[in-house]
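Here's the structure, in structure tokens; my notes come after.
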Amino acid sequence: MGKAVHVMLFIVASISIGLASIFIRLSNASPIACAFWRLLIASIIIAFSPSGSTKHIFSKHTLYPFLAGIALATHFVLWMDSLFRVSVAVSTTIVVLYPIHLAIVETLKGEKPSILEVAGIVMGFASVITLSLYTSTHVGGSLIGVAESFAASIAAAIYFYIGKISRKFMALKEYAVTAYASASITTLLYSFIAKDNVFSYIPKSWPWLLALAVVPMIGGHTTMNYLLKFYKSSTVTSIALAEPAIASALAVIILGENMTTIHGIALALAISGTWIVLKSSKQ
Numbered sequence: 001m002g003k004a005v006h007v008m009l010f011i012v013a014s015i016s017i018g019l020a021s022i023f024i025r026l027s028n029a030s031p032i033a034c035a036f037w038r039l040l041i042a043s044i045i046i047a048f049s050p051s052g053s054t055k056h057i058f059s060k061h062t063l064y065p066f067l068a069g070i071a072l073a074t075h076f077v078l079w080m081d082s083l084f085r086v087s088v089a090v091s092t093t094i095v096v097l098y099p100i101h102l103a104i105v106e107t108l109k110g111e112k113p114s115i116l117e118v119a120g121i122v123m124g125f126a127s128v129i130t131l132s133l134y135t136s137t138h139v140g141g142s143l144i145g146v147a148e149s150f151a152a153s154i155a156a157a158i159y160f161y162i163g164k165i166s167r168k169f170m171a172l173k174e175y176a177v178t179a180y181a182s183a184s185i186t187t188l189l190y191s192f193i194a195k196d197n198v199f200s201y202i203p204k205s206w207p208w209l210l211a212l213a214v215v216p217m218i219g220g221h222t223t224m225n226y227l228l229k230f231y232k233s234s235t236v237t238s239i240a241l242a243e244p245a246i247a248s249a250l251a252v253i254i255l256g257e258n259m260t261t262i263h264g265i266a267l268a269l270a271i272s273g274t275w276i277v278l279k280s281s282k283q
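Residue numbers (the UniProt record's numbering): 1 to 283.
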């Protein structure tokens, strides 16, 4: 695929993951149930899709996506729980710190980002910090929710870092099915510990659980996993920098949360920073 198609995929993934927090809030399901069904349904859809190789699903390479799945489950459970403790704006601005974690790792490994990429990441995180500090100061929130969101960002960084390694020798379908299935099993096991019956939410919440699997999981995460084969992990995950602004705007319209001038400034910074990172990245 050409650069123009990749740019479109970056945009699709960014919008898709921006919808996740809204679907979760509207579902009236528990964070664990949202995580489990999002992962399970997505893994089933991809497994039965007609295209893509599956020859490495059960091989010596399976360990990588299996570990990635555990990290992904941790990311989802922590982040989704934070959404019910703090506002959408605070939760999403903190959780998208994972591109900077990855950029630091890549720099330590000698995969140094360009000056423009650094500038774009700085702009993006300026929006994250601005929005997070403003929302925390004016709205308040749970320290537990903030801690959960930050821990979720670290888990996401681990997930995408392992994904970058896996995509060097695994096809998209192989990696996605294994990682998502591993994550869904991990989440289900945790639901037993937490004594949360994830099946009890199906009657009233299934449309939103299905939407979570199709839009942010397949349209967002799976698209990002595809792009990991062509770009550095910090470049791919930088598209998440627009998530706080997108999610916050939708939260105003759909959930009735407040939107201020600061949110607008953060939106401009996030989109500009993301565009710069994408424009300056090398295949």
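Just so it is clear, CB atoms sit at the ideal spot from N, CA and C, and this is done for glycine as well.
Residue ranges of each alpha helix (DSSP H) run of no fewer than 4 residues wholly in the segment 71 to 118, ordered along the chain?
Counting only runs of 4 or more, we get 88 to 95 and 98 to 108.
Could you give the C-beta distance for ALA151 and ALA68, rounded to a whole number, given that I count them as a contact under 8 Å?
For this step, residue 151 is matched to residue 151 along the sequence shown. For this step, residue 68 is matched to residue 68 along the sequence shown. ALA151 to ALA68, Cβ: 17 Å. No contact.
Where PRO31 and PRO50 are concerned, what is the direct C-alpha to C-alpha distance, given to the nearest angstrom?
Counted from its first residue, the sequence shown places residue 31 at position 31. Counted from its first residue, the sequence shown places residue 50 at position 50. C-alpha separation (whole angstroms): 31 Å.
Can you find the residues in the same chain that come closer than 6 Å, C-beta to C-beta, to TRP37, ignoring five residues on each side of it along the sequence?
As a position in the sequence shown, residue 37 is number 37, starting the count at 1. Here the set comprises LEU209.
Can you grab the Cα-Cα spacing for the pair ALA213 / ASP196, in whole Å?
As a working mapping, residue 213 is identified with position 213 in the sequence shown. As a working mapping, residue 196 is identified with position 196 in the sequence shown. The C-alpha of ASP196 is placed about 20 Å away from the C-alpha of ALA213.
Could you check whether SER14 and SER91 sit closer than 8 Å to each other, using their CB atoms as the reference points?
Residue mapping note: residue 91 aligns to position 91 of the sequence shown, counting from 1. Residue mapping note: residue 14 aligns to position 14 of the sequence shown, counting from 1. Cβ distance not < 8 Å, so SER91 and SER14 don't count as in contact.
Is it right to say PRO99 is buried, meaning 16 or more other beta carbons lie within 10 angstroms of its own, or is it exposed?
Numbered from its first residue, the sequence shown carries residue 99 at position 99. Result: buried.
Should PRO216 and ALA89 be called a contact, given that it needs their Cβ atoms to be closer than 8 Å?
Residue 216 sits at position 216 when you count from the first residue of the sequence shown. Residue 89 sits at position 89 when you count from the first residue of the sequence shown. No, the Cβ-Cβ distance between PRO216 and ALA89 is not below 8 Å.
Can you give me the Cβ contacts of LEU40 inside the same chain, cut-off strictly under 7 Å, excluding the 5 residues immediately before and after it?
Residue mapping note: residue 40 aligns to position 40 of the sequence shown, counting from 1. Only residues of its own chain outside the window of five on either side were considered, and among them SER184 have a CB closer than 7 Å to the CB of LEU40, listed in chain order.
Using 10 angstroms around the beta-carbon of SER200, count the other beta-carbons present and answer buried if the total reaches 16, otherwise exposed.
Taking the sequence shown and counting its residues from 1, one reaches residue 200 at position 200. So SER200 counts as exposed.
LEU102 and SER16: beta carbons closer than 8 Å?
By 1-based counting over the sequence shown, the position of residue 102 is 102. By 1-based counting over the sequence shown, the position of residue 16 is 16. The answer is no: Cβ separation not under 8 Å.
Please state whether DSSP places THR260 in a helix, a strand or coil.
Along the sequence shown, read from residue 1 onward, the residue named residue 260 stands at position 260. THR260: coil per DSSP, three-state reduction.
Return helix, strand or coil for SER182, following the three-state DSSP convention.
Indexing the sequence shown from 1 puts residue 182 at position 182. Of the three classes helix, strand and coil, the one that applies to SER182 here is helix, per DSSP.
Rounded to the nearest angstrom, what separates SER191 and LEU116 at their Cα positions?
Stepping through the sequence shown from its first residue, residue 191 is reached at position 191. Stepping through the sequence shown from its first residue, residue 116 is reached at position 116. The straight-line gap from Cα to Cα measures roughly 43 Å.
If you drop the 5 nearest sequence neighbours on each side, which residues of the same chain put their C-beta closer than 7 Å to that of MET259?
As a working note, residue 259 is residue 259 in the sequence shown. Only SER248, ALA249 and VAL252 meet the Cβ criterion.
Less than 8 Å between the CB atoms is what I'm expecting for ILE94 and SER149, so what's the real figure, rounded?
Position 94 of the sequence shown, counting from 1, holds the residue named residue 94. Position 149 of the sequence shown, counting from 1, holds the residue named residue 149. Taking the Cβ atoms as the reference, ILE94 lies roughly 4 Å from SER149, within the contact range of under 8 Å.
What would DSSP say about PRO65, mapped onto helix, strand or coil?
Within the sequence shown, the letter at position 65 stands for residue 65. If DSSP states are grouped into helix, strand and coil, PRO65 belongs with the helices.
Does DSSP put ASN197 in a helix, a strand or coil?
Numbered from its first residue, the sequence shown carries residue 197 at position 197. Looking at ASN197 - three-state DSSP - the assignment turns out to be coil, as it is neither helix nor strand.
Return yes when the Cβ of ALA176 is within less than 8 Å of the Cβ of THR235, no when it is not.
Residue 235 sits at position 235 when you count from the first residue of the sequence shown. Residue 176 sits at position 176 when you count from the first residue of the sequence shown. The answer is no: Cβ separation not under 8 Å.
Looking at the unbroken alpha helix (DSSP H) that takes in HIS6, where does it start and where does it end?
Mapped onto the sequence shown, residue 6 falls at position 6. Taken as a continuous stretch (DSSP letters only), the alpha helix (DSSP H) holding HIS6 covers 3 to 18.
Alpha carbon to alpha carbon, what distance is there between VAL277 and GLY2?
Here residue 2 corresponds to residue number 2 of the sequence shown, with the count starting at 1. Here residue 277 corresponds to residue number 277 of the sequence shown, with the count starting at 1. Put simply, the backbone Cα of GLY2 is about 17 Å away from that of VAL277.
Which of the three DSSP states is assigned to SER30 in this structure?
By 1-based counting over the sequence shown, the position of residue 30 is 30. It is coil, neither helix nor strand.
Helix, strand or coil, according to DSSP, for PRO203 in the structure here?
Translated into the one-based positions of the sequence shown, residue 203 becomes position 203. Correct three-state label for PRO203: helix.
Taking Cβ positions, are HIS75 and ALA156 nearer each other than 8 Å?
Translated into positions along the sequence shown, residue 75 becomes position 75. Translated into positions along the sequence shown, residue 156 becomes position 156. Taking 8 Å as the Cβ cut-off, HIS75 and ALA156 qualify as a contacting pair.
Taking the alpha helix (DSSP H) that SER234 falls in, what are its first and last residues?
As a working mapping, residue 234 is identified with position 234 in the sequence shown. Its alpha helix (DSSP H) spans residues 233 to 237.
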